[in-house]
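Only one structure is covered here, and it is reproduced in the block below.
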Amino acid sequence: MKSVAEVLNYKQKGKDMDEFIVVPLSEKLAYCFGDPALTLMYTMTSTLLIYFYTNVVGISTGAVGMIMLISRVFDGFSDVLMGTIIDRTHSKYGKARIWILRLAVPYALAAIVLFTMPGLGPIGKVVYAFVTYNIMNTVVYTAISQPFHALGSLMSRDRRQRDTICNIRMVLSITASMIITAFTLPLINIVADMIGNTQAAWITVTAVYAVISVFVLVNTYMTCTERVQTAQKSKEEDVPFWTALKATVTNRYFLIALGLMLFYTVYQIIIGTDLTYYCQYVLGNVNLVTPLSASEKIATIVGIAMIPKLLPKYGKRKLICAGCLLGIAGQLIFLLNATSVSLGMLTCIMRGFGIAPFYGVQYSLPSDAIEYGQWKTGYRIEGLMFSSMSMGQKAGSGFTSAIMGAVLSWAAFDGLKEVQPASAIRAISVFYLYVPIAIWAVMFLLAACYKLDKQYDQMMKELIAREGGEAEAPAEEIPNIAAISENKINIAIGRLYGASGRKIAEGLAEALKCRVYDRQIICLLAEKLGMESQDMDKVVKYLDSYNENEAFAFSPYAYPAAGVAEDVTDMRMFEEQTKIIQTLAKQAPGVFLGRCANFVLGGQPHSYSFFVYADDEYREKEGKEYYKGQTLNELKLRDIQRNEYYERFTGMKRDDPKHYDMVVNVSKTGVDGAVKMILDYVEQKESGSK
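Read left to right, the sequence shown gives residues 739 to 1428 (my numbering).
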């Protein structure tokens, strides 16, 4: 009998495993909607739970603070432990995805139990709260959130794809947070009035959220794909824990990301928790929580939506710093009249726009730090790095809640009393008005130290070249090519659609211990042309232009006239692609799939070209299985477009046998046979050249 994991894994069949793929929108959304599923419960347990403990079940603020503080000690260990587990997970269902499936239901049950406070005495309530809070946060939430965060870095190595995913994710996350913070209390009150039981209303609403979360997280497991082969093939299980820990804590960009996350979490807890108290006891109307909170969240959503346009021009460092200054300005404006609802609304809007740059990129920062760490030390530490980020986030949450609880308790705050003493009002006001200014200032200083924006593309270029060049194997491990002592071979593969060209390329790359170059060229081409996200569509369209049902409207040999401002024409793109292929062929030889590579590499030493085709029956079967139901006519139409592309740039016929070392009919040889024939040919030629 098939396991649940196997049954739900059916969407993974036939997926494109290219590390630099443009991640399909359906997959991006499946991942990004997983964040609200986690945010639902995290927001409940980080902000509203304190209100539940103090104002619904009557636990003192001091006791709540101690629960949060002590729990973070255990939570820190669990984060590191789960990160290590992820790094050592090598399931056929992925190192991160499988944990999302395993923990979805326990996560939902733990959330419900958290609010199911039995009728115990004061000490019994504190004990129950401590135990259930740790089950939820220290164990279950840690175990499911760590692999979820790591999954984002495993779906693609393209920084622009990660930034896009992070932007969508954060828009959905902040929307979920807004719903929970602004509308959950009114919803609970409505349910409480209907059933006549306040605590039962908390349980009911939480249960509804939990069930929704389970279905969303299961869909994340089913739809998302771990493509980063570097992570899957790396032997992190052989890296000692202390070595991995050292590589993590000495990564300057990880430390910056961690610091920003920690202080953002402090800000989030103070604003999220203290806003309710401030509205109820300072502004005199607890219902103001909804419009004030919603205005800040909506401003954040709008700000995040603007990031894709602003990020390529200004970079993460400048945007985060500018946001911090805007947040400080917003707080200072409110100090002019700290009881003015209109000024409070303006402050919330300014804070929302201010936090948007960091909120929108917060989970792409550790992904960038992972690549930087691999470039700097050779170790790719994903699970431990994301778990450490989470540990910082939870530490910020726990210590902030503990300090707030201790200060409010010292100030004689009592959540069961309608009127609070002046000391409590002062404490509430200081937390809401002044502490955020200090937080914004610290975040500004941290962001000012982030200098990876200009370095990142060159770093990735070196990483790709290094990964392509470092793979080397003893001759005896490569059957039938004993004459090749190290990989200095470049192979260009031209192919008909449905002739298993990619499978053959991957088989050759595995035998030669090198890389397959295809969509990786997208990133290198964009970097070469100085392009960013808004121009990436042009690059993608160019590289996939032979898949378009449109005729080309340019001459490939038309160069810009002298003195005329040069646009990024298709011809220039082809020229830059040619330079990239030639550079890669020299620095990190490999297998080049398409891209006119046989034309580009023609005549270069140790470079060979092959064209693979197949009978219609074979191609029709591939169309159904590999190309997800495409008909033979659709495959042939795509070949016509490829032919037009090739001929326009090279002036030659793509399927002319005289332009290749060998032409192979895959329907006669099979994939393995084609790979063997090509390797035998290369071995013979290389032996004769010595």
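Positions of the beta carbon are idealized from the N, C-alpha and C atoms, including for glycine.
Task: Identity of the residues DSSP links to Tyr1398 by a beta bridge - done: Bridge partners of Tyr1398: none, in fact.
Open item on the list: By alpha-carbon positions, which one of Met1083, Ile1093, Ile1066, Thr988 ends up nearest to Thr1038?
Closed with: Ile1093
- [ ] Determine the closest residue to Asp1106 out of Asp1191, Ile1071, Asp1354, Gly1090, with distance taken between C-alpha atoms.
- [x] Asp1191
Task: For Pro1046, the nearest candidate out of Gly1332, Trp1148, Gln899, Ala846 (CA to CA) - done: Gln899
Open item on the list: Closest to Ala1032 by C-alpha separation, out of Leu1084, Leu1063, Leu1074, would be which residue?
Closed with: Leu1084
Task: Gly1411 versus Ile1175, Leu1246, Tyr831, Ser1102, residue with shortest Cα-Cα distance - done: Leu1246
Open item on the list: Output needed for Val1329: all residues of its chain with C-beta closer than 6 Å, excluding positions within five of it in sequence on either side, in chain order.
Closed with: Ile1229, Ala1243, Leu1246, Ala1247, Val1254
TODO: Leaving aside the five residues before and after Leu910 along the sequence, list all residues of the same chain whose C-beta is less than 7 Å from its C-beta, in chain order.
DONE: Cys770, Phe771, Asp773, Pro774
Open item on the list: Can you tell me where the alpha helix (DSSP H) holding Tyr1429 begins and where it ends?
Closed with: As shown, the chain starts at 739 and ends at 1428. That puts residue 1429 outside it, with no answer to give.
Open item on the list: Tell me the residue span of the alpha helix (DSSP H) that contains Ala945.
Closed with: 936 to 961
Task: For Lys1226 and Ala1323, the rounded distance between their alpha carbons - done: 9 Å
Open item on the list: Closest to Arg1089 by C-alpha separation, out of Ala1186, Pro1174, Arg1376, Tyr1015, would be which residue?
Closed with: Pro1174
Open item on the list: With H, G and I counted as helix, E and B as strand and the rest as coil, what does DSSP make of Ala1249?
Closed with: helix
Task: Cβ-Cβ distance between Ala768 and Asn957 below 7 Å - done: yes
Open item on the list: Please classify Asp1418 as buried or exposed, where buried requires at least 16 other C-beta atoms within 10 Å of its C-beta.
Closed with: exposed
Task: Residue range of the unbroken alpha helix (DSSP H) whose run includes Leu841 - done: 835 to 852
Task: Reduced DSSP secondary structure (H/G/I, E/B, other) of Phe771 - done: coil
- [ ] Might you give, ordered along the chain, the residues of its own chain that have their beta carbon closer than 7 Å to the beta carbon of Pro1217, omitting 5 neighbours on each side?
- [x] Since pLDDT at Pro1217 reaches only 34, below the 50 mark, its modelled position is unreliable, and the value read off the structure follows with that caveat. So no residue of the chain qualifies.
Open item on the list: Quick check on this structure: which residue in Arg1392, Gly1232, Asn747 has the alpha carbon closest to the alpha carbon of Leu1331?
Closed with: Gly1232
Task: Ile1229 in three-state terms, based on DSSP - done: strand
- [ ] Output the distance between the C-alpha atoms of Lys1051 and Leu1057, rounded to the nearest integer angstrom.
- [x] 10 Å
TODO: Determine the DSSP secondary structure at Phe758, reduced to helix, strand or coil.
DONE: coil
Task: Opening and closing residue of the alpha helix (DSSP H) in which Tyr866 lies - done: 860 to 871
TODO: Work out the CA separation of Ile1416 and Arg1357 for me, nearest whole Å.
DONE: 20 Å
Open item on the list: Using only the alpha-carbon positions, how far apart do Ala867 and Ala1140 sit?
Closed with: 15 Å
Task: Boundaries of the beta strand (DSSP E) in which Phe1349 is found, first to last residue - done: 1345 to 1351
Task: Own chain, CB closer than 6 Å to Phe1169, minus 5 neighbours either side, in chain order - done: Ile1008, Asp1012
TODO: Spatial neighbours of Phe1349 within its chain, please: CB distance less than 6 Å, with the 5 preceding and 5 following residues excluded, ordered by chain position.
DONE: Gly1232, Tyr1398, Val1401
Task: Residue burial classification, Thr902 (beta-carbon count within 10 angstroms, cutoff 16) - done: buried
TODO: Please classify Leu1331: does DSSP put it in a helix, a strand, or coil?
DONE: strand
Open item on the list: I need the DSSP call for Asp1238, collapsed to helix, strand or coil.
Closed with: One point to set straight first is that residue 1238 is Ser, not Asp, in the sequence displayed. Note: Ser1238 maps to coil in three-state DSSP.
TODO: Could you pull out every residue in the same chain whose Cβ sits closer than 7 Å to the Cβ of Met874, ignoring the five residues on either side in sequence?
DONE: Thr783, Ala848, Ala849, Leu852
TODO: Compare the C-alpha of Leu1048 against each of Phe1096, Asn747, Ser1078, Asp1152 and name the closest.
DONE: Phe1096
- [ ] Give me the Cα-Cα distance between Val1040 and Pro924, rounded to the nearest whole angstrom.
- [x] 25 Å
TODO: Please confirm whether Ala1165 and Val1145 have their CB atoms less than 7 Å apart.
DONE: yes
- [ ] Evaluate contact between the segment 837 to 846 and the segment 942 to 961, counting only Cβ atoms and requiring at least three cross-stretch pairs below 8 Å.
- [x] yes
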